[in-house]
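Engineer:
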Amino acid sequence: MEHLVVETKEGVRTLTLNRPERLNAIHDPLSCELIQALEEASADDEVRVVVITGSGRGFCAGLDLIDFSQRQSSATSRHHQLDELGWVGRQALAIVHCDKPVIAAVNGIAAGAGLALALACDMRFMSASARLTTGYIRRGLSPDAGMTYFLPRLVGQAKACELILTGRDIYPEEAERIGLVNGIFSDDVFHEQVSHVARELASGPPIAMTFSKRLLVASLDADLTTILKEEFSLIKQCFGTKDVQEGIQAFVDKRKPVFRGE
């Protein structure tokens with residue numbers, strides 16, 4: 002891939018946005034590669050966890066406005082003009098529908114659609130020097146990429162309103178305090194610490210991990226009765242797996258279980 006570096010180690014697939022000269026701002030080609038990589042990771046049994054990060058000093062500066070302006074000035078196809086989701090919408094859905102846990106390793110600035118990209122992930126970790134901003138309002142824009150869906154669900158409606166309407170910067174301590182990120186790591190050990198978290202998740206039971214993510218996603222919009230029924234159905238399937246047998250035996254043997262996704 003031209004704009005995305007893909008690496009897999011110990012069940013962890015790392016997707017590195019690779020446009021450092023543009024602070025990894027997203028344009029159509031990068032987004033298409035990211036969506037493809039997420040779909041491939043979701044279908045690959047060797048992949049248990051996905052990490053998204055950025056090369057250089059930025060995580061993702063959002064939409065590449067220069068590239069966007071150039072494309073706007075050129076002729077576009079009818080298909081493109083009638084597209085109701087756009088790459089930003091399909092990108093958010095690709096993360097949510099990925100059957101593997103997706104971690105955002107926010108190593109630098111995450112702005113606009115770049116912040117929305119992180120919010121769509123299942124977990125977020127932030128380096129001590131990174132900062133976040135919804136950003137849109139500073140450019141005369143309303144939010145996209147799922148910002149108004151994910152942000153209120155993480156920090157509440159009032160705080161989301163403040164952050165979107167002011168576009169102010171959010172630094173690590175506040176981000177952790179209001180629930181935007183799961184943790185902060187110092188710059189010198191950031192990627193090492195995120196990799197440790199990812200490997201810990203990758204050692205878990207793959208089937209139960211997938212079911213758990215699906216339930217969490219469904220719970221955002223479903224009523225309690227629906228979720229209770231779905232939980233009951235999926236845990237019954239889990240009880241029929243070898244992983245559950247291994248988990249029980251490991252408990253009896255007082256050892257760490259080895260889950261194989263069977």
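Each residue of the sequence shown is one higher than the one before, starting from 2 at the first, in my numbering.
Ideal Cβ positions, reconstructed from N, Cα and C, are used throughout, including at glycine.
Could you name the residues that DSSP lists as bridge partners for Gly184?
Structural biologist: Gly184 is bridged to Phe126.
Engineer: How would you write the range of the beta strand (DSSP E) that Ile266 sits in, first residue to last?
Structural biologist: The displayed coordinates of the chain run from 2 to 263. Any statement about residue 266 would go beyond what the structure contains.
Engineer: Apart from the five residues on each side of it in sequence, which residues of its chain come closer than 6 Å, Cβ to Cβ, to Leu202?
Structural biologist: Correct list, in chain order: Val50 and Pro102.
Engineer: Ile110 bridges to which residues according to DSSP?
Structural biologist: BP columns for Ile110 point to Gly59.
Engineer: Counting C-beta neighbours from all protein chains within 10 Å, is the total for Ser128 16 or more, i.e. buried, or is it exposed?
Structural biologist: Buried, by the Cβ-count rule.
Engineer: If you count every other CB in all the chains shown that lies within 10 Å of the CB of Ile208, and 16 or more means buried, which is it?
Structural biologist: By the neighbour-count rule (16 or more Cβ atoms within 10 Å), Ile208 is buried.
Engineer: In or out: Asp266 buried (at least 16 other Cβ within 10 Å) or exposed?
Structural biologist: Lying before the first or after the last residue shown, residue 266 is absent from the chain, which here runs from 2 to 263.
Engineer: According to DSSP, which residues form a beta bridge with Val195?
Structural biologist: Val195 pairs with nothing; no bridge assigned.
Engineer: Can you say whether Glu11 is buried or exposed, counting buried as having 16 or more other CB atoms within 10 angstroms of its CB?
Structural biologist: Classification of Glu11: exposed, given that the 10 Å Cβ count is below 16.
Engineer: List the residues that DSSP assigns as beta-bridge partners of Thr15.
Structural biologist: Answer is Glu8 and Val52.
Engineer: Following the continuous alpha helix (DSSP H) through Asp244, name the residue where it begins and the one where it ends.
Structural biologist: From DSSP, the alpha helix (DSSP H) with Asp244 extends over Lys243 to Asp254.
Engineer: Between the alpha carbons of Gly63 and Glu193, how many angstroms are there, rounded?
Structural biologist: Distance between the alpha carbons of Gly63 and Glu193 is about 25 Å.
Engineer: Measure the beta-carbon distance from Ala199 to Ile104 and round it to whole angstroms, keeping in mind my assumption that it falls under 8 Å.
Structural biologist: Indeed, because the Cβ distance is near 6 Å, the residues count as touching under 8 Å.
Engineer: As a quick exercise: from Gly109, Arg125, Lys230 and Ile171, pick the residue whose alpha carbon is nearest that of Gly184.
Structural biologist: Per the Cα distances, Arg125.
Engineer: Out of Glu177, Asn108 and Val218, which has the shortest C-alpha to C-alpha gap to Tyr150?
Structural biologist: Tyr150 has its Cα closest to that of Val218, out of Glu177, Asn108 and Val218.
Engineer: Quick one: what does DSSP say Ala105 is sitting in, helix, strand or coil?
Structural biologist: Here Ala105 sits in strand by DSSP.
Engineer: Please report the distance separating the alpha-carbon of Glu40 from that of Leu16.
Structural biologist: Taking the straight line from one Cα to the other gives about 12 Å.
Engineer: How big is the Cα-Cα spacing for Trp88 and Val48?
Structural biologist: Roughly 24 Å between the two C-alpha positions.
Engineer: Roughly how many angstroms separate the alpha carbons of Ser32 and Gln92, rounded to a whole number?
Structural biologist: Taking the straight line from one Cα to the other gives about 7 Å.
Engineer: Thinking Pro153 and Ala146 are a contact (beta carbons under 8 Å), I'd like their distance in whole angstroms, please.
Structural biologist: Not confirmed; about 14 Å, so no contact.
Engineer: Could you give the C-beta distance for Ile110 and Ala131, rounded to a whole number, given that I count them as a contact under 8 Å?
Structural biologist: Correct: roughly 7 Å between the Cβ atoms.
Engineer: Is Arg23 buried or exposed, if buried means 16 or more other CB atoms sit within 10 Å of its CB?
Structural biologist: Label assigned to Arg23: buried.
Engineer: So for Leu235, helix, strand or coil by DSSP?
Structural biologist: Here Leu235 sits in helix by DSSP.
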